[in-house]
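Each residue of the sequence shown is one higher than the one before, starting from -14 at the first, in our numbering. Ideal Cβ positions, reconstructed from N, Cα and C, are used throughout, including at glycine. A quick write-up on the structure given underneath.
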Amino acid sequence: LNWFDERAWYPLGRIVGGTVYPGLMVTAGCIHWILNTLHITVHIRDVCVFLAPVFSGLTSISTFLLTRELWNQGAGLLAACFIAIVPGYISRSVAGSFDNEGIAIFALQFTYYLWVKSVKTGSVFWTICCCLSYFYMVSAWGGYVFIINLIPLHVFVLLLMQRFSRRVYIAYSTFYIVGLILSMQIPFVGFQPIRTSEHMAAAGVFALLQAYAFLQYLRDRLTKQEFQTLFFLGISLAAGVVFLSVIYLTYTGYIAPWSGRFYSLWDTGYAKIHIPIIASVSEHQPTTWVSFFFDLHILVCTFPAGLWFCIKNINDERVFGKRICLIAIYCKVN
-14 LNWFDERAWY PLGRIVGGTV YPGLMVTAGC IHWILNTLHI TVHIRDVCVF
36 LAPVFSGLTS ISTFLLTREL WNQGAGLLAA CFIAIVPGYI SRSVAGSFDN
86 EGIAIFALQF TYYLWVKSVK TGSVFWTICC CLSYFYMVSA WGGYVFIINL
136 IPLHVFVLLL MQRFSRRVYI AYSTFYIVGL ILSMQIPFVG FQPIRTSEHM
186 AAAGVFALLQ AYAFLQYLRD RLTKQEFQTL FFLGISLAAG VVFLSVIYLT
236 YTGYIAPWSG RFYSLWDTGY AKIHIPIIAS VSEHQPTTWV SFFFDLHILV
286 CTFPAGLWFC IKNINDERVF GKRICLIAIY CKVN
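Written as structure tokens, this is what we have:
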């Protein structure tokens, strides 16, 4: 984290720890140190070469655990087999691919699994484990923003579906507070979780959840008419305060606006007009229909069936699975 590379951008140099996500380098370094401590002599180059294939196996295990929580053990085994052979992930997990995605996909799947486990059990232990996995994800890849928006969306949808429970309250309240503190320990991230628009949805859902829980607490202490009046007033007031606060802080410059990549999600032509360098990156281009078949293979056929079963047999955790599917479709076609 304190590494200063005097050979990069010579003669100015570069503070590596504060300008990159350190998770990939720290992971490779820790594995190398552990192996040498056990007197297994392995060159650091070999660790870097085989890091992505090793983590692809861990990704299959985490996918099995996630799908088992969403459905059953048989579905988990099939999901693990599918992700092991899907071409889109193979390209990110080949030997010699020393890139952030090599470890980040595992961290992404494992965080999802621990979140679903937290919602099902309402256990602080599982939620803390989820926060630690999220912390590792933050250290590894900028795609952690997807998690910190998807989990609040899951909680928000549960509130709209009137599926609020003590389990959801404990899981999200603990995740947001502990996860926020842990994510700010990464030098490259710093104060972004409280100063960028990409993270404001999580803060808004946290405030909304506290207001909703407080109204539920008052429910048994008021008449039905009084509670309905206070409920709509409280929810409207909380949402209004959060919305106006975000607008004010964004206008004053305390909260940074959405980045160009996120604007491109809402307006697909934004990058071409305003930020051509983003549009020039191939992974930011709209996906062609042929790519779906080349990247997903047999999953093109099994995906709609799995989504249908999640919708037909709905519960708290399958709402999360459904959110992942729908948002993945939207992001893929954009």
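Inter-residue CB distance, TYR154 and ALA223 (contact presumed, cutoff 8 Å): Wrong, their Cβ atoms sit about 15 Å apart, outside the cutoff.
Beta-ladder partner(s) of ASP(-10), from DSSP: ARG(-1)
Own chain, CB closer than 6 Å to GLY322, minus 5 neighbours either side, in chain order: For residue 322 there is no data in the structure shown, the boundaries of the chain being -14 and 319.
Are there three or more Cβ pairs, one per stretch, closer than 8 Å when the segment 297 to 310 is compared with the segment 109 to 126? no
Please list the terminal residues of the continuous alpha helix (DSSP H) segment that includes LEU50. 29 to 55
Taking the C-alpha atoms as reference points, what is the distance between LEU64 and ILE88? Per the sequence shown, residue 64 should be read as Ala rather than Leu. If I take the Cα positions, the gap works out to 19 Å.
With a cut-off of 8 Å, do at least 3 Cβ pairs link the segment 13 to 30 to the segment 58 to 76? no
How many Å lie between ARG53 and GLY61 at the Cα? 5 Å
Suppose you measure from the CA of PRO137 to the CA of GLY164; what does that come to, to the nearest Å? 12 Å
The alpha helix (DSSP H) with PHE131 in it runs from where to where? 129 to 145
ILE19 by DSSP, collapsed to three states: which one? helix
Would you call TRP(-12) buried or exposed, if buried means 16 or more other Cβ atoms sit within 10 Å of its Cβ? exposed
Spatial neighbours of LYS317 in its chain, beta-carbon cut-off 6 Å, leaving aside the 5 residues before and after: THR272
Relative to the C-alpha of ASN134, which residue among LEU144, MET185, LEU281 is closest? MET185
If you check the beta carbons only, do LEU93 and ILE132 fall under 9 Å apart? yes
Within 8 Å, do at least three Cβ pairs link the segment 93 to 112 to the segment 39 to 53? yes
Which of the three DSSP states is assigned to ARG77 in this structure? coil
Can you give me the Cβ contacts of PHE95 inside the same chain, cut-off strictly under 7 Å, excluding the 5 residues immediately before and after it? SER47, SER118
Measuring only the C-alpha atoms, how far is SER78 from ILE232? 41 Å
Contact defined as beta carbons within less than 8 Å: I believe GLU183 pairs with VAL130. What is the distance between those atoms, to the nearest angstrom? 5 Å
Where the alpha helix (DSSP H) containing SER103 begins and where it ends: 86 to 106
Tell me, to the nearest whole angstrom, how far the beta carbon of PHE173 is from that of VAL5; I am working on the premise that it is less than 8 Å. 6 Å
Alpha carbon to alpha carbon, what distance is there between THR181 and CYS115? 23 Å
In the DSSP assignment, find the alpha helix (DSSP H) that holds PHE149 and state where it starts and stops. Run containing PHE149: none; DSSP gives neither H nor E here.
Under DSSP, the alpha helix (DSSP H) around PHE83 begins and ends at which residues? Looking at the DSSP string, PHE83 is not in any alpha helix (DSSP H), and its letter there is neither H nor E.
Rounded to a whole number of angstroms, what is the C-alpha to C-alpha distance between VAL11 and CYS33? 11 Å
Quick check on the DSSP output: the alpha helix (DSSP H) that includes THR287 runs from which residue to which? 284 to 297
Helix, strand or coil, according to DSSP, for GLY189 in the structure here? helix
Report the CB separation of PHE120 from LEU167 in whole angstroms; it is logged as a contact under 8 Å. 4 Å
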